[in-house]
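For the sequence shown, the positions run 1 to 273 when full-length UniProt numbering is used.
In this text, a Cβ means the ideal position worked out from N, Cα and C, and glycines have one as well.
This structure is a prediction, so every number in the text was calculated from the model and none was measured.
Since the structure comes first, as structure tokens, the remarks are kept for the end.
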Amino acid sequence: MEKNEFRVVIKHLHMKGLTLKEIKAELDNVHSISRPAFATLYNWVNEFKRGCTSICDAPRLGRPIETASPEIINKIHDIVLIDRQVKVCELVEITGISRGTLISIFHEQLYEKTIGKMDAAETWIHYFTPETKEQSKQRRPSPGESAPKKAKTVKSAGKVMVSFWNARGIIHIDYLSSKQTINSDYYAALLDRFNVLKKKHPHLVKKMLFYQDNAWVHTCPALVAKFNEFRYELLPHPVYSPDLALCYFLFPNLKKWFGGKRFITKEQLIAET
């Protein structure tokens, strides 16, 4: 179907009293591949609500708009919240602003407004962590000179589990007590503490999108109920996907920081962290 033909169908379904989601479902049943994007549906339904009867594009003269009004910014915000897979080119077509202006709006005005993203992950830290191979590199021996022998080093038995909650950096660190394990009750209590803590951070008091791995302790029914209670949304992703490894930039640097250092007490370890 042509673009204008889709608009006729959208107008007909809107006049029948169908909602935006119901119109999308109707089109998905028949034209799941060729139907317009959700952002386009959103735009045309709103045009019909405002009393527009034409099914043709209004003529546009000159260059795209280089500045955006609060109405356009709020419109972009609403579309993104409804359809997170909307394309930049679709938003450019809907709003009439330039691509560069749209990107600036996302980075400068909607980055913090759209959603609060939070990562959660755990790692072991040891009372003694050997240096990495890169840290312990030695100069290559000269011809005829034997290489110095290196003693084998191993991680210490004493260790403390650290949980990182990070957005804009580290928000909360929790140290697992001796003889404890991270189970559903422990993790639920962490969420309770975090929910209180986030009220002290204005940039966190908004819709929260939680990003964590698929370990059972993170996804069991008790934890799902806790996330629903606080209205946190879990970001779905493939199980054990290497492209979505949490804190890949954080934990290796942490291990490097501890490399070669030895601690006697838990307090020393916490202070260094």
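Looking at the DSSP output, Gly259 sits in a beta bridge with Thr129. Per DSSP, Asp174 lies in no alpha helix (DSSP H) segment; the continuous beta strand (DSSP E) that holds it begins and ends at 170-175. Ile105 sits in a helix when the DSSP states are folded into three classes. For Glu233, there is no enclosing alpha helix (DSSP H); the residue is found in the beta strand (DSSP E) stretching over 232-234.
In the structure shown, Ile79 adopts helical secondary structure according to DSSP, grouped into three states. Considering only Asp28, Phe38, Cys52, the residue with the shortest C-alpha distance to Met15 is Cys52. Excluding its 5 nearest sequence neighbours in each direction, Gly17 has no C-beta neighbour in its own chain below 6 Å.
For Leu250, no alpha helix (DSSP H) run applies, since DSSP gives it neither H nor E. Residue burial is scored here from C-beta neighbours: Ala225 has fewer than 16 other C-beta atoms within 10 angstroms and is therefore classed as exposed. Under the three-state reduction of DSSP output, Glu5 falls in the helix class. C-alpha of Arg231 to C-alpha of Leu209: approximately 9 Å in a straight line.
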